[in-house]
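Counting in our numbering, the sequence shown runs from 1 upward without gaps.
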Amino acid sequence: MKNIIVFGLGYVGLSNAILLAQKNNVIGIEINSDKVELLNKKISPIKDDKITEFLKNKKLNFCIKVLESKEDIKNADYIIIATPTNFDENKNYFDTSSVDNIIEKLFNLKAKANIIIKSTIPLGYIKKLRKRFPGITILFSPEFLREGRALEDNLYPSRIIVGYDINNKDEYIKASEFANLLRQGALKQDISILIMNIEEAESVKLFSNTYLAMRVAYFNEVDDYAIKHNLNTKDIIKGMCADPRIGDFYNNPSFGYGGYCFPKDTKQLKANYSGVPNSLIDSIVESNMIRKEFIAKTILEKTVSSDIVGIYRLLMKSNSDNCRSSAIYDIIKILAKERKIIIFEPNILEISIENCEFETNLEKFKKRSDIILVNRCDEKLSDVQEKVFTRDIFGRD
Ligand SMILES: NC(=O)c1ccc[n+]([C@@H]2O[C@H](COP(=O)([O-])OP(=O)(O)OC[C@H]3O[C@@H](n4cnc5c(N)ncnc54)[C@H](O)[C@@H]3O)[C@@H](O)[C@H]2O)c1
């Protein structure tokens, strides 16, 4: 039974903390006191059925605090960092300050624990950290979960990857031990565990997300062509995806890729490609912007200036509780210059968007809207199908 500290109890930190708290002593450190209060009442601060179930029904060795003590750090065998790394548009790079600051604190406290970064980081980041803070062990374990299924994806992981310094044999043992802790908490049998050099592990994360974003962008460009030439997108995609090399999955058109990770991770990989010949990596970010502009232009062509455009939900996925970097924001920005916009979003109350009105009553929203944009279809709109504009061809995420 190991002593583990997890910094940051969001989608990544909380799911990992719960997974590990089944068989280890876990202390979760979360600066948001509202989240700490909820968690101490065994209530999940995020929408995730498995997290809710585990908090309620499982015996977990899990203690949640706003601030760690020196004693906690001294006793820890592993310290996991799962704090945000947002994209800083001015620096054209991830803002890694939340991770940097924790590592600096641990370095000053002469922490002996193995530090594992779960946050997504720029390529080459850990090499720089190790130079800045010599003598501490910093490993990287990329996280592949989906929001809304964060714990489920850790109970049944596609793979477990841990990156270490290949010139240091001791680190291989530490990396393998950590991978085993994750495996012990999982329910899936025969989990593929990949222990590799740290820079390759960093690469796996950004290349995986950029590939997935590219796939979304590709099917969206297929859909652009079909819209422009009045073709049936569904038939084209079904025909394409019958080829097992393409596969009938992750091929549903949308208003553009969005969410917390794809927009920022594609931009970060693009920044890391500076000086490396390429055209594909650069163009993925651009393709997504073109898609959003095309959708907005299509709506402007379908409506007249007196029309009211309704936006049904700001979420990216149907089963989600957050709307970080949703594709719809950029579409709203373009449309709001030429049309009146009303938004129906019952889950997110503390938000205002320039030149837009929020309509909290669904029936009034339906009546007032001349056209309703919906990224993922919802039965609640079945009585106003003639008003609905969506590119959700297959009715799935
Ligand atoms: N959300 C995903 O699907 C996903 C998937 C893979 C990787 N990631 C990466 O993991 C990281 C975290 O993502 P997330 O979605 O869990 O973020 P999140 O915003 O849901 O959670 C981060 C949490 O960290 C807390 N926090 C910030 N600074 C802190 C500090 N100094 N000490 C303690 N707590 C602190 C915040 O209050 C927040 O609750 C990011 O780098 C992200 O790119 C996210």
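Idealized CB from N, CA, C, for every residue including glycine.
Nearest-angstrom Cβ-Cβ length linking residue i and residue j, presumed shorter than 8 Å
i: VAL161; j: LYS118; result: For clarity, residue 161 is Ile in the given sequence; the question names Val instead. Contact doesn't hold; Cβ gap of about 11 Å is too wide.
i: PHE178; j: TYR78; result: 6 Å
i: ASN197; j: PHE219; result: 33 Å between Cβ atoms; not a contact.
i: TYR164; j: ILE195; result: 7 Å
i: ALA242; j: THR233; result: No, ALA242 and THR233 are not in contact; Cβ-Cβ is about 15 Å, not under 8 Å.
i: PRO253; j: SER325; result: Actually they are not in contact, since the Cβ atoms of PRO253 and SER325 sit about 18 Å apart, beyond 8 Å.
i: LYS340; j: ILE308; result: 5 Å
i: ILE372; j: LEU381; result: 6 Å
i: ILE27; j: PHE54; result: Their Cβ separation, rounded to whole angstroms, is 17 Å, which puts ILE27 and PHE54 out of contact at 8 Å.
i: PHE87; j: ILE121; result: Not really, about 12 Å apart at Cβ, beyond 8 Å.
i: LYS292; j: ALA336; result: About 13 Å; that fails the 8 Å criterion.
i: GLU359; j: ARG368; result: 7 Å
i: ILE398; j: LEU67; result: Past the edges of the chain, shown from 1 to 397, lies residue 398, and the structure says nothing about it.
i: ALA201; j: PRO142; result: 6 Å
i: LEU139; j: ALA175; result: 5 Å
i: ASN25; j: ASN61; result: 5 Å
Identity of the residues DSSP links to residue i by a beta bridge
i: ASN25; result: ASN3
i: LEU373; result: ILE311, PHE389
i: GLY135; result: In DSSP, GLY135 forms no bridge with anything.
i: VAL162; result: ILE195
i: CYS356; result: ILE341
i: LYS42; result: Beta-bridge pairing links LYS42 to no other residue.
i: LYS65; result: ILE29
i: TYR93; result: ASP88
Local conformation of residue i per DSSP, three classes
i: VAL276; result: coil
i: PHE259; result: In the sequence as presented, Phe is not what sits at residue 259; that position holds Gly. If DSSP states are grouped into helix, strand and coil, GLY259 belongs with coil.
i: LYS118; result: coil
i: GLY148; result: coil
i: LEU194; result: strand
i: ILE227; result: helix
i: GLU71; result: helix
i: LYS340; result: strand
i: ASP88; result: strand
i: ILE80; result: strand
i: PHE394; result: coil
i: LYS317; result: coil
i: LYS127; result: helix
i: PHE54; result: helix
i: TYR11; result: helix
i: PHE140; result: strand
i: CYS241; result: helix
i: ILE246; result: coil
i: ILE332; result: helix
i: LEU19; result: helix
i: GLN268; result: helix
i: VAL222; result: helix
i: ASN209; result: helix
i: LEU60; result: coil
i: THR233; result: helix
i: THR298; result: helix
i: TYR172; result: helix
i: GLU202; result: helix
i: ALA327; result: coil
i: VAL216; result: helix
i: LYS292; result: helix
CB of residue i within 8 Å of CB of residue j, strictly
i: LEU145; j: SER203; result: no
i: ASN288; j: TYR260; result: no
i: GLU30; j: ILE64; result: yes
i: ASP48; j: GLY148; result: yes
i: GLU345; j: ARG313; result: yes
i: GLU152; j: LYS50; result: yes
i: ASN75; j: ASN3; result: yes
i: ILE173; j: THR137; result: no
i: VAL222; j: ILE236; result: yes
i: LEU20; j: ILE73; result: no
i: LYS23; j: GLN184; result: yes
i: ALA113; j: GLY10; result: no
i: ILE284; j: MET214; result: yes
i: PHE133; j: ILE102; result: no
i: LYS188; j: LEU212; result: no
i: ILE331; j: ILE295; result: yes
i: ILE400; j: ILE393; result: Residue 400 is absent from the model: the chain starts at 1 and stops at 397.
i: LYS35; j: LYS56; result: no
i: THR210; j: ILE281; result: yes
i: ILE376; j: SER305; result: It is worth fixing the name first, because residue 376 is Arg in this sequence and not Ile. No, Cβ-Cβ distance for ARG376 and SER305 is not below 8 Å.
i: ARG391; j: PHE255; result: yes
i: ASN347; j: ASP378; result: no
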